[in-house]
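The block underneath contains the structure these notes are about, expressed in structure tokens.
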Amino acid sequence: MAFGLKNAGATYQRIINRLFSTQISRNMVIYVDDMLIKSQEVVGHEANLRERFDNLGRYKLHLNPDKCVFGAMQSPNTQKEAQCLTRKIASLTRFISRAGDRNLPFFKAIKKGIEFEQTLECEKFFQELKAYLQYPQLLARPVIMRGAETRYPLTEKLVYALIVADRKLKPYFEAHQVEVVTDLPLRHILENSTGPD
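Quick note on the UniProt record's numbering: the sequence shown kicks off at 1 and runs consecutively.
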């Protein structure tokens, strides 16, 4: 830290966490000096930003306009920028369908020994990726239960959650012993079920 201060980073993080405690985890993520405003829907995003700026004004904090980015995503022009983009896409692979296919033109463009060249194919794939990432429900928390499922009794909801987890995590469940600790009679329900599985 500047001027040889010790624990300045931790102190700053604690202060910021306290100042924005009403927004953190609800519509804001903060890590050191990076602040990200998130919204479930595009409609509510402006209100979340307004709340953030009101909090900044209340505590007389200022943002560096050179470091503020609002929904901007620029096409990579250098090999380093393309590598950075491919790393970011790789970190989001669980949210992006066919992430490898979407990244392929950039992987080809950043091969070692070949000078990076922004091609029309790269630009086309970048614009498609940008449009895909702007879909509002892409990175939202999944809604598992809908309609009639919300009216299930608690035991049936838990059984349903176990069945969904079993289907999605089958390789992990096959490799490891999994124990579900509960005070509900799940074993009785699962052993007496006559479902298709």
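Here a beta-carbon is modelled for each residue, glycine too, at the ideal position from N, C-alpha and C.
What does DSSP give as the partner residues of residue i in its beta bridges?
i   : result
Y31 : D34
I24 : M28
Judging by CA-CA distance, which residue of the options is the nearest neighbour of residue i?
i           : options                  : result
Q79         : A161, V69, C122 and L158 : C122
P185        : A161, E156 and V178      : E156
F116        : K170, M35, D101 and P76  : P76
H62         : V159, D33 and N103       : D33
residue 206 : L56, F70 and P65         : It is not possible to answer for residue 206, since the shown part of the chain is limited to 1 through 197.
N27         : T182, V164, D101 and V42 : V42
L56         : D101, L19 and V180       : L19
R102        : L120, K38, E51 and E128  : E128
T182        : N64, L154, P65 and T119  : L154
For residue i, count neighbouring C-beta atoms within 10 Å of its own C-beta (all shown protein chains included) and say buried if the count is 16 or more, exposed if not.
i    : result
S21  : exposed
A47  : exposed
A82  : buried
R151 : exposed
A109 : buried
T86  : buried
F53  : exposed
P105 : buried
R14  : exposed
Leaving out five residues before and five after residue i in sequence, what residues of the same chain have Cβ atoms less than 6 Å from its Cβ?
i    : result
K130 : M73
F126 : S75
A175 : none
Skipping 5 residues on each side, what residues in its chain have a beta carbon closer than 8 Å to that of residue i?
i    : result
N17  : I24 and I30
L162 : V180, L186 and L190
A99  : I89, A90, L92 and T93
C84  : P76
Between residue i and the rest of its own chain, which residues show a CB-CB distance below 7 Å, the 5 nearest in sequence each way excluded?
i           : result
V159        : L186, I189 and L190
residue 223 : Because the chain in this structure spans residues 1 to 197, residue 223 falls outside the shown range and cannot be described.
To test your reading of the DSSP string, which unbroken beta strand (DSSP E) runs of 3 or more residues are found completely within the stretch 98-130? none
Any alpha helix (DSSP H) of 4 or more consecutive residues that is wholly inside the stretch 165-190: Listed in chain order, the complete alpha helix (DSSP H) runs (minimum 4 residues) inside the stretch 165-190 are 170-175.
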